[in-house]
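Chemist: First the structure, then my questions, so here it is.
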Amino acid sequence: GESVGLHLPTLSVQEGDNSIINCAYSNSASDYFIWYKQESGKGPQFIIDIRSNMDKRQGQRVTVLLNKTVKHLSLQIAATQPGDSAVYFCAENILTGGGNKLTFGTGTQLKVEL
Amino acid sequence: GAGVSQSPSNKVTEKGKDVELRCDPISGHTALYWYRQRLGQGLEFLIYFQGNSAPDKSGLPSDRFSAERTGESVSTLTIQRTQQEDSAVYLCASSSTGGNQPQHFGDGTRLSIL
Numbered sequence: 691g692e693s694v695g696l697h698l699p700t701l702s703v704q705e706g707d708n709s710i711i712n713c714a715y716s717n718s719a720s721d722y723f724i725w726y727k728q729e730s731g732k733g734p735q736f737i738i739d740i741r742s743n744m745d746k747r748q749g750q751r752v753t754v755l756l757n758k759t760v761k762h763l764s765l766q767i768a769a770t771q772p773g774d775s776a777v778y779f780c781a782e783n784i785l786t787g788g789g790n791k792l793t794f795g796t797g798t799q800l801k802v803e804l
Numbered sequence: 029g030a031g032v033s034q035s036p037s038n039k040v041t042e043k044g045k046d047v048e049l050r051c052d053p054i055s056g057h058t059a060l061y062w063y064r065q066r067l068g069q070g071l072e073f074l075i076y077f078q079g080n081s082a083p084d085k086s087g088l089p090s091d092r093f094s095a096e097r098t099g100e101s102v103s104t105l106t107i108q109r110t111q112q113e114d115s116a117v118y119l120c121a122s123s124s125t126g127g128n129q130p131q132h133f134g135d136g137t138r139l140s141i142l
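Chains as they are written, first to last, in this note's numbering: chain A, 691 to 804; chain B, 29 to 142.
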């Protein structure tokens, strides 16, 4: 079956460095992608999204890159801070009959070291 | 409230009992979703509502699981004759429409079956 997967289960970075979290997807029909941040005991928090007609989208300290040729998605966090420590999920959206359904990867744990 | 609200936040019950989980979506959001998250894993889609109807129930794991939504607002997820494998965090999300819009999550109900 088709799935969304992450390359690195755990990523450790020094405070102030940039972080890059990667995600591979396999469903070429996916037309919308979202990155979520999940802290312990909380629900996923929306970070940034990108539609399949775009290659790059920037937010505040975050950038998402989409490479449709190799079906790869990445999340870049600039000047990583301790508050960025969390599990990050990519999700691909597939439009079904009547609505969208998100398929999530297993997540990457980001640890920010002081 | 401003965000998606779920109750109870924690539920411990004995195997074989029925449980009912509640979700209050963001006001005005027509689309509502239920997901299940097992420990250390990503989110599994359960069911999607557009208004009060459920065009996609494909993720419900068995006929012990059911959900309803009334008044295009509150939704309840019911699990009958609970089993230990049902232990997980049950997350609810809502979005403004059923199209390519970000889903916003509540903090979930942590269900533990003894």
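Just so you know, even glycine gets a beta-carbon here, dropped at the ideal spot from N, CA and C.
Treat the numbers as computed from the prediction; the structure is a model and nothing was measured.
Please list the partners that Tyr722 of chain A has in chain E, where partner means a Cβ-to-Cβ separation under 7 Å.
Modeler: Within the model displayed, chain E is absent; protein chains A and B are what it includes.
Chemist: Name the residues in the region 52-75 of chain B whose C-beta lies less than 9 Å from a C-beta of chain A; which are they?
Modeler: Against chain A - using a Cβ distance shorter than 9 Å - the residues of the region 52-75 of chain B are Ala59, Tyr61, Tyr63, Gln65, Gly68, Gln69, Gly70, Leu71, Glu72, Phe73.
Chemist: Less than 8 Å between CB atoms is the rule here; does Gly827 of chain A satisfy it with respect to chain B?
Modeler: Nothing in the structure corresponds to residue 827 of chain A, since chain A is present only between 691 and 804.
Chemist: Measure from the alpha carbon of Gln750 of chain A to the alpha carbon of each residue in A:Asp774, A:Asn757, A:Lys761, A:Arg741, then state which is nearest.
Modeler: A:Asp774
Chemist: Which residue comes first and which comes last in the beta strand (DSSP E) that contains Asn743 of chain A?
Modeler: DSSP places Asn743 of chain A outside any beta strand (DSSP E), giving it a letter other than H or E.
Chemist: Using a Cβ distance threshold of 8 Å, determine whether the region 794-801 of chain A contacts the region 89-100 of chain B, with at least three qualifying pairs required.
Modeler: no
Chemist: Determine the chain B residues that contact Thr796 of chain A at a beta-carbon separation under 9 Å, and present them in chain order.
Modeler: Gly68, Gln69, Gly70
Chemist: Glu72 of chain B: which of B:Ser101, B:Ala95, B:Cys120, B:His57 sits nearest, CA to CA?
Modeler: Nearest to Glu72 of chain B by alpha-carbon distance, out of B:Ser101, B:Ala95, B:Cys120, B:His57, is B:Cys120.
Chemist: Can you tell me whether Lys746 of chain A is buried or exposed? The criterion is at least 16 other CB atoms within 10 Å of its CB, across all chains shown.
Modeler: exposed
Chemist: By the 10 Å Cβ neighbour count, where 16 or more other Cβ atoms means buried, how is Leu142 of chain B classified, buried or exposed?
Modeler: exposed
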